[in-house]
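Step one of this worksheet: look at the structure below.
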Amino acid sequence: MKKSAVLDDTRTLRRIDKSNMLELCLKTSEYCKEAITQSRRFKLPKKVQVSDKMQIKYRKPRNIIVAGMGGSAIGGDLLHDWLLNRVTTPVEVCRDYYLPAYANKETLVFVVSYSGETEETLCALLDAIKRKCMVVVVASGGTLISFAKKLLLPYIIVRSELPQPRLAVPYLFFPLVIVMEKLGLVSGIDKEVGETIHVLEVLAKENSPKASLENNFAKKLAWELRLTIPVIYGFRQYRGVAWRFKSELNENSKVPAKWEAFPELNHNDVVGWGASEKLTKNFTVVLIRDKDEPPEIRNRIESTKKLALCKVAKVLEIHAVGKSELAKMFSVLFLGDLTSVYLAILLGVDPSPVKIIAAMKNEMRRNYNIVERLEKEFDKLID
Ligand code: F6R
54 MKKSAVLDDT RTLRRIDKSN MLELCLKTSE YCKEAITQSR RFKLPKKVQV
104 SDKMQIKYRK PRNIIVAGMG GSAIGGDLLH DWLLNRVTTP VEVCRDYYLP
154 AYANKETLVF VVSYSGETEE TLCALLDAIK RKCMVVVVAS GGTLISFAKK
204 LLLPYIIVRS ELPQPRLAVP YLFFPLVIVM EKLGLVSGID KEVGETIHVL
254 EVLAKENSPK ASLENNFAKK LAWELRLTIP VIYGFRQYRG VAWRFKSELN
304 ENSKVPAKWE AFPELNHNDV VGWGASEKLT KNFTVVLIRD KDEPPEIRNR
354 IESTKKLALC KVAKVLEIHA VGKSELAKMF SVLFLGDLTS VYLAILLGVD
404 PSPVKIIAAM KNEMRRNYNI VERLEKEFDK LID
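Going by our numbering, the sequence shown opens with residue 54, and the numbers climb by one from there.
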């Protein structure tokens, strides 16, 4: 069998993809629909009495922070990138144990962890409460939801059966959008969301395992990427999407990858491509393109191809599909996700398990059990 034919052989796909990542990934449009319906049922309280001494009032925030790590943080990046040009309230993603110094009672903090067990996120929750931020918790369960219940904080429990947090992106993104809608910060999103779901449905068919390699963009891209280190170049509303693609290549395909964004990459990253060809020929650059990309960005992309990318193995492009910003962002995200799963299969690795992440988390807990300490601090808060 020709090596590329592996991707058209359903038996091989199933044998390597033991947890059915591909099929689950293809359901992204369904996840979006379910996430929106579930989040619309959520009621945001006017206030919460955490303890005798502490009350948190929920109203229009001055700024927004999304606290989370890895697959649970990326929804925050999507929110940030999508709303950059339309909402004046600043949105920041916090991938750390502690919130930035400006966080206070006028800050809305989404505390997001799919498993509900990530120590950085649990710690950020405590920090947010201490600063009396308007906290909304999003998780599938775990310690995070137990803490939220204990402190009477508003929470959204999302579908828990997905084998990996990174599959749950719609469940970790749409609740944030809907809560913002409830607070009057965004409006009129239905058409855009509808188009996003439609685009994802079309792309799922076009890039399904049944669509053969020559007519299947994601399979083709995986094939092109298989022998080199992928470097994803995004811009503006595709920064989070580029980051996501890089992370999916790491976690699903188990390959090193990196991402950068225009215009910043023109001020440092491009210099690296001047290295010896022995080094640069190990990389393939994937450019995220949009038919409506601003002229100054288009100019930079074209000039970068001409002046800086002459010695890399390949320069490839991934084109956004759709009209609205959300549909276009999700189209690239989805194609990137599928590509990373096909690449895993090509490389003969099961896309789902991420043993080293689990091992790191266990090692951290063994050496310094921060969660036990947090439990004590939470108890002190409500006493
Ligand atoms: C695993 C994954 C990781 C996790 C991260 C945080 O699929 O994508 O990046 O998302 O380790 O864990 P959670 O999402 O459970 O807070």
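Beta carbons are placed, not taken as given, at the ideal position from N, Cα and C, and that holds for glycine.
Heavy atom of the ligand F6R within 8 angstroms of residue i beta-carbon
i    : result
T171 : yes
V339 : no
L220 : yes
T174 : yes
G375 : no
M122 : yes
E304 : yes
V402 : no
S451 : Residue 451 is absent from the structure shown; the chain starts at 54 and stops at 436.
I350 : no
I410 : yes
V284 : no
Y150 : no
Y84  : no
Y224 : no
K414 : yes
S125 : yes
V165 : yes
S168 : yes
S300 : yes
V294 : no
Q217 : yes
V407 : yes
Residue of the options minimising C-alpha distance to residue i
i    : options                : result
S300 : I282, T333, E83, F315  : I282
Y224 : L369, G194, L400       : G194
P98  : E259, V255, M187       : M187
L369 : I354, L318, S377       : I354
R112 : M233, V191, G247       : M233
I127 : L427, W296, L388, D322 : W296
E430 : P406, Q217, L178       : L178
G237 : I350, I250, K433, R139 : R139
E173 : V424, L434, D436, D432 : V424
S252 : S82, E428, N73         : Per the sequence shown, the amino acid found at residue 252 is Val instead of Ser. Comparing Cα positions, the closest option is S82.
V164 : D390, G389, V324, A201 : A201
Span of the beta strand (DSSP E), counted from its first residue to its last, around residue i
i    : result
H320 : Unbroken run through H320: none, as it is neither H nor E.
G287 : 282-288
V101 : 100-102
F336 : 336-342
C147 : 144-147
Q108 : 108-110
L161 : 160-166
K367 : 367-372
M122 : Run containing M122: none; DSSP gives neither H nor E here.
V190 : 187-192
Y155 : Y155 -> no beta strand (DSSP E), and no H or E assigned at all.
Pair within 9 angstroms by beta-carbon distance, residue i and residue j
i    : j    : result
A275 : S306 : yes
W135 : L379 : yes
Y286 : D343 : no
I231 : F387 : no
L204 : V103 : yes
D180 : Y155 : no
L197 : E170 : yes
K185 : I109 : yes
L399 : V59  : yes
A310 : T392 : no
I210 : L161 : no
Y84  : V222 : yes
V394 : D70  : yes
C350 : P316 : In the sequence on display, residue 350 carries Ile and not Cys. Their beta carbons are under 9 angstroms apart, which means I350 touches P316 by this criterion.
W326 : K359 : no
Outcome for residue i when other beta-carbon atoms lying within 10 angstroms are tallied against a minimum of 16
i    : result
T337 : buried
K381 : buried
R68  : exposed
I89  : buried
S329 : exposed
D130 : buried
R219 : buried
G357 : Going by the sequence as given, residue 357 is Thr instead of Gly. Buried, by the Cβ-count rule.
T333 : buried
H166 : Looking at the sequence provided, one finds Ser at residue 166 rather than His. By the neighbour-count rule (16 or more Cβ atoms within 10 Å), S166 is buried.
L280 : exposed
Residue span of the alpha helix (DSSP H) that contains residue i, given as start and end
i    : result
F298 : 292-304
K381 : 378-399
K55  : K55 -> no alpha helix (DSSP H), and no H or E assigned at all.
Y224 : 222-235
Y208 : It is not in any alpha helix (DSSP H) - Y208 instead sits in the beta strand (DSSP E) that spans 208-210.
R279 : Here R279 belongs to no alpha helix (DSSP H), and DSSP marks it neither H nor E.
Cutoff 9 angstroms: residue i Cβ touching any chain C Cβ
i   : result
I69 : No chain C appears in this structure, which consists of one protein chain only.
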